[in-house]
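Everything in the sequence shown is counted per full-length UniProt numbering, starting at 1 for the first residue and increasing by one. Quick reminder that beta carbons are idealized off the backbone N, C-alpha and C, glycines included.
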Amino acid sequence: MADQYQDDHSLFPVPARLLDPAQCPKPFVSSLDQYKKMYRQSIDNPEEFFGKLANELLTWSKPFHTVRHGGLEHGDVAWFLEGELNACYNCVDRHALTDPNKVAIIYEADEPNQAERITYGELLRKVCQLAGVLRAHGIRKGDTVAIYMPMIPEAVVALLACARVGALHSVIFAGFSAEALRDRVHDASSRLVLTTDQGKRGGKTIETKRIVDEALKTCPKVETVIVCQRTGAEVPMKDGRDYWWGDEVFKHPFYTPAEDINSEDPMFLLYTSGSTGSPKGVMHTTGGYMLGAAATFKYVFDYHPGDIFACMADVGWITGHTYIVYGPLALGATTVLFESLPTYPTPSRYWELIAEHKITQFYTAPTAIRALRRLGDEWLEGHDLSSLRIIGTVGEPINPEAWHWYNEKVGKGRCAVVDTYWQTETGSHIITPLPGAITTKPGSATFPFFGIDIAILDPVTGKELVGNDVTGVLAVKRPWPSMARTIYNNHYRFMETYLKPYAGYYFTGDGATRDKDGYIWVRGRVDDVINVSGHRLSTAEIESALIMHHSVAETAVVGAPDDVTGQSINAFVCLKPGVPVYSMDLTRELISQVRKVIGPFAAPKKVYLVEDLPKTRSGKLMRRILRKIVAGESDSLGDISTLADPSVVEALINKVNPPP
Ligand code: 6R9
């Protein structure tokens with residue numbers, strides 16, 4: 001079965017330079033044998049392995065006695081039970097106390113040549129002041145705070161201030177629309193929102209505060225909005241609700257203690273898309289999440305003091321949480337916060353960034369690599385990328401062409417390439433090469449991280465497919481520290497989505513192959529989730545946005561393969577009787593409907609106005625057929641005899657690929 005994929009099995013051993021002490025710091029894991037030994041320990045004796053690691057990498061205000069409790073069967077996973085620690089203390093105080101002048105954040109603003117550096121000492125002062133503001137506005141341990149902010153240092157301060165007072169932050173990516181923001185603020189019952197006047201990205205202005213105002217029209221529970229000035233533009237302020245960040249922080253001292261937090265106290269919510277319509281507030285707790293962030297940051301990015309780490313994600317997604325904020329700061333690293341786009345003002349921006357800040361680890365998404373590769377190699381010329389040691393990807397499978405380009409043109413064949421597989425729900429990397437130990441294959445995330453017991457299951461029987469050369473659905477056999485604990489206010493849905501589909505396993509929603517050499521290849525989602533430029537979107541969410549339009553009777557959304565964005569959104573729409581079908585305006589209206597309800601990044605690339613959708617006699621939509629048609633595989637539709645009206649298919653094919 002594994003043979004159906006054209007995998008690239010060329011082998012890339014660890015670059016010799018990484019193992020040469022004259023050129024690079026010695027990797028923490030520097031041979032395959034060492035990886036295997038450590039992995040074995042983490043599986044055979046997780047209590048000892050993770051107990052030791054948790055004490056080595058984190059500072060606990062009260063020690064834990066029980067390393068691990070509960071399991072996947074009952075969905076009662078808990079780690080480091082009696083222990084107490086504060087995530088903010090671990091990320092800020094302990095470094096500010098020992099090395100206050102060390103740079104914590106390099107903020108690379110939208111316009112080039114405006115970088116700012118924030119030291120750990122300054123960061124502690126900023127975080128304490130904002131923590132004071134939160135407390136003054138009645139925020140206490142366990143409350144949820146919504147954060148809707150662009151990529152500015154205050155966004156990092158916002159996350160850390162919440163962690164300091166024990167409030168759960170719920171960051172909503174600033175590309176979400178007012179309606180999507182409202183739904184998330186409402187679902188989390190957030191009483192306070194942190195935002196900015198405007199945002200800046202790629203030279204464009206984003207009306208952040210206006211979007212917040214629009215969203216809050218129907219969020220009566222929100223009592224306070226704290227507005228940070230990014231551009232200084234004049235924005236409406238609502239009396240008694242809206243306060244300027246700058247005015248508020250001046251009222252509070254530069255130091256305020258961090259709250260004692262139990263290891264299993266919730267730390268944050270992050271909304272993500274699933275198979276069904278409404279987004280789910282994935283909840284992470286403190287000790288386990290922090291350990292996952294710190295441990296993967298140490299071993300996967302092989303962090304050594306002096307390194308300058310740059311993750312190009314947005315803090316609105318899990319990658320930003322774990323690898324811009326918590327992982328790097330937990331280990332006292334210098335982390336780069338990039339506000340702009342890889343193509344602004346020119347497609348050299350990443351390479352300028354690396355050269356200017358002497359970045360040692362660089363982490364981005366395959367979609368950015370594909371886009372830059374297309375724009376031509378000349379944009380790389382003349383930029384000194386020799387500081388790089390490790391280059392990583394995340395968010396979607398990387399195709400071999402993009403992998404080779406990244407390795408050769410960016411890494412110059414002298415860096416380790418880490419294709420890191422993980423999810424919002426896993427909290428940190430779960431399948432990934434370790435840069436000093438693993439021979440890679442382009443497009444494979446290779447092997448599991450410590451403590452991750454991978455299983456590939458037969459999708460139908462749920463039976464584990466043991467051995468190599470197997471393809472099935474990807475699952476994990478036992479709990480790991482940074483796995484999500486629940487879905488906010490909906491533990492039932494957590495169980496149904498992740499732990500019930502295959503009893504005793506955590507179900508990822510992805511398909512995967514373990515090849516003949518034991519390498520894991522993640523194939524993409526097996527559920528109704530589409531991955532566009534590394535952004536997770538649910539077909540049901542887009543469908544429900546479309547159906548709100550008065551002309552729409554019915555709709556089906558599928559992902560089509562796309563050279564740059566990985567997948568693109570294709571929407572099939574049946575109109576209500578009497579609505580004229582051939583209308584360009586209507587197509588535009590439908591696209592803007594999705595932009596309005598979810599956000600611009602969810603806009604369908606293609607909208608097909610059609611008479612009928614392929615359904616079974618019992619009325620079940622056969623998405624599989626639509627997927628094949630948009631992928632240009634109409635000649636291999638499989639069995640269509642169960643369709644109520646097989647002639648529908650012909651019409652759909654003609655619509656998508658009109659005959660000449
Ligand atoms: C971290 C993040 C998770 C989904 C996941 C999978 C896809 C992420 C991948 C990858 C293949 C990789 N995915 N990394 N697929 N190779 N290295 O992206 O979290 O936004 O929750 O998305 O992304 O399909 O299930 P999230």
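DSSP, read as helix, strand or coil, puts Glu381 in coil.
Checking the 7 Å criterion, the Cβ of Ile318 is within range of a heavy atom belonging to the ligand 6R9. Between Thr208 and Ala174 the beta-carbon gap is near 6 Å, inside 8 Å, which marks them as a contact. Remark: the C-beta of Thr218 is outside contact range of the ligand 6R9, defined as less than 7 Å to any heavy atom. Non-local beta-carbon contacts of Leu329 in its own chain, meaning distances under 6 Å to residues more than five positions away in sequence, involve Cys91 in chain order. Counting along the chain, Leu372 sits inside no beta strand (DSSP E); it lies in the alpha helix (DSSP H) bounded by residues 366-375.
If you draw a straight line from the Cα of Ala104 to the Cα of Leu181, it comes to about 30 Å. Residue environment for Asn531: buried (at least 16 other C-beta atoms within 10 angstroms of its C-beta). Under the three-state reduction of DSSP, Gly534 is assigned to coil, being neither helix nor strand.
Restricting attention to Gly436, Thr539, Val579, the CA atom closest to the CA of Phe12 is found in Gly436. In this model, His9 and Pro442 are separated by some 7 Å (Cα to Cα).
Per DSSP, the beta-bridge partners of Cys228 are Thr196. Ile456 is positioned such that its CB atom lies no closer than 8 Å to that of Phe447. With a cut-off of 7 Å, the C-beta of Gln423 is classified as near the ligand 6R9, since at least one heavy atom of the ligand falls inside that distance.
Judged by DSSP in its simplified three-state form, Trp480 adopts coil rather than helix or strand. CA-to-CA, the gap between Ala644 and Arg617 works out to about 4 Å. The C-alpha of Leu216 lies about 38 Å from the C-alpha of Leu72. Collapsing the DSSP output to three states places Met283 in a strand. Taking all protein chains shown into account, Gln23 has fewer than 16 neighbouring C-beta atoms within 10 Å of its C-beta and is therefore exposed. Look at Gly427: its beta carbon is at least 7 Å from all of the heavy atoms in the ligand 6R9. Counting only residues of its own chain and dropping the five nearest sequence neighbours on each side, Arg125 has a CB closer than 6 Å to the CB of Phe254.
Ser340 and Thr296 have their C-alpha atoms some 26 Å from each other.
Rounded to whole angstroms, the separation of the alpha carbons of Gly462 and Ala109 is 49 Å. Its chain contains Pro15, Arg17 as the residues whose beta carbon lies nearer than 7 Å to that of Arg414, once the 5 sequence neighbours on both sides are disregarded; these appear in chain order.
CA-to-CA, the gap between Thr420 and Glu611 works out to about 42 Å. C-alpha of Thr144 to C-alpha of Ile118: approximately 27 Å in a straight line. When rounded, the separation of the alpha-carbon atoms in Phe572 and Tyr608 is 5 Å. Nearest in C-alpha terms to His65, of all of Lys606, Leu57, Ala78, is Ala78.
Each residue's CA atom was taken as its position, placing Thr196 and Asn654 some 48 Å apart. Residue environment for Lys576: exposed (fewer than 16 other C-beta atoms within 10 angstroms of its C-beta).
Placement of the Cβ of Val526 at a distance of 7 Å or more from every heavy atom of the ligand 6R9 is found. In the DSSP assignment, Gln567 is bridged to Pro561. For Arg201, the pairing in a beta bridge is given by DSSP as Lys204. By the neighbour-count definition (other C-beta atoms within 10 Å, threshold 16), Glu378 is an exposed residue. DSSP places Glu234 in the coil class of the three-state scheme, outside both helix and strand.
Relative to the Cα of Leu652, the nearest Cα in the group Pro660, Ser641, Thr642, Ile625 belongs to Ile625.
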